[in-house]
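The sequence shown runs 15 to 173 under the working numbering.
Every residue gets a Cβ at the ideal spot worked out from N, C-alpha and C, and that includes glycine.
The structure displayed is predicted, hence computed values, not measured ones.
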Amino acid sequence: MRIEKDTVVSLTYELSDLTGQVMEKPDAPISYLHGGYDGIFPMVEEKLHSKEVGDSCSVLMEPENTFGEYDSELVRVEPRSLFPDNVEVGMQFEGGEEGSDDALIYTVTDIAEDKVVVDGNHPLAGITLRFDCTVTEVRAATAEELAHGHAHGAHGHEH
């Protein structure tokens, strides 16, 4: 079966930067609903269209096509008192500007005695990425998947 609109595609992938450093390589295949449902990077979806099980592809993507440019304004220094006592570098917190409904995930990047530095950028923001993948399965989407706009796991609805 070829990959076309309203098929569920499973694939293995490796995400790396321009130096070849692997940024992400899941142990198990991922699945997404093909055809403009925002389940995968649009450039990857375009490249995968009409491929079949066993086919591979490689897509080089600039930051504007992945996680955006790095925005230094999303790095904030906050009072230590706003955080729990056990705060550690790498912890993540949801937050945003006062009066705004837009929430971001902030990652703690540094801790001082009375200050905590958090970064609202995606960890891969500002990095040109290479997405290498191999198609492992293609099947028709179920009515439920089409209604929900995303692929479900092998045992039904998984969110």
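Open item on the list: Using 8 Å as the cut-off, can you tell me whether the region 55–71 makes contact with the region 85–94, which would need three or more C-beta pairs spanning the two stretches below that distance?
Closed with: no
Open item on the list: So for K57, helix, strand or coil by DSSP?
Closed with: Note on residue identity: the sequence assigns Met, not Lys, to residue 57. It is helical.
- [ ] Look at the Cβ atom of V149, then the Cβ atom of G68, and state whether they are nearer than 9 Å.
- [x] yes
TODO: Put A117 into one of helix, strand or coil per three-state DSSP.
DONE: Coil.
TODO: Per DSSP, which residues does E38 bridge with? Please list them.
DONE: L29
Task: Sequence ranges, alpha helix (DSSP H) only - wholly within the region 123–163, length at least 4 - done: Note on the region 123–163: whole alpha helix (DSSP H) runs with a minimum of 4 residues are 157–162, in chain order.
Open item on the list: Under DSSP, the beta strand (DSSP E) around P93 begins and ends at which residues?
Closed with: V89 to P93
TODO: Can you tell me which of the three DSSP states E6 falls into?
DONE: Nothing can be reported for residue 6: it is not among the residues displayed for the chain, which extend from 15 to 173.
Open item on the list: Quick check on S64: does DSSP put it in helix, strand or coil?
Closed with: coil
- [ ] Could you pull out every residue in the same chain whose Cβ sits closer than 8 Å to the Cβ of H173, ignoring the five residues on either side in sequence?
- [x] With a pLDDT of only 48 at H173, under 50, the local geometry of the prediction cannot be trusted, and no value is derived from it.
Open item on the list: Contact between the region 92–109 and the region 146–163 is defined here as three or more beta-carbon pairs at a separation below 8 Å; is this criterion met?
Closed with: no
Open item on the list: Measuring straight from C-alpha to C-alpha, what distance separates T33 and M57?
Closed with: 21 Å
- [ ] Since I believe D124 is in contact with V152 (beta carbons under 8 Å), could you give me their beta-carbon distance rounded to a whole number of angstroms?
- [x] Contact doesn't hold; Cβ gap of about 45 Å is too wide.
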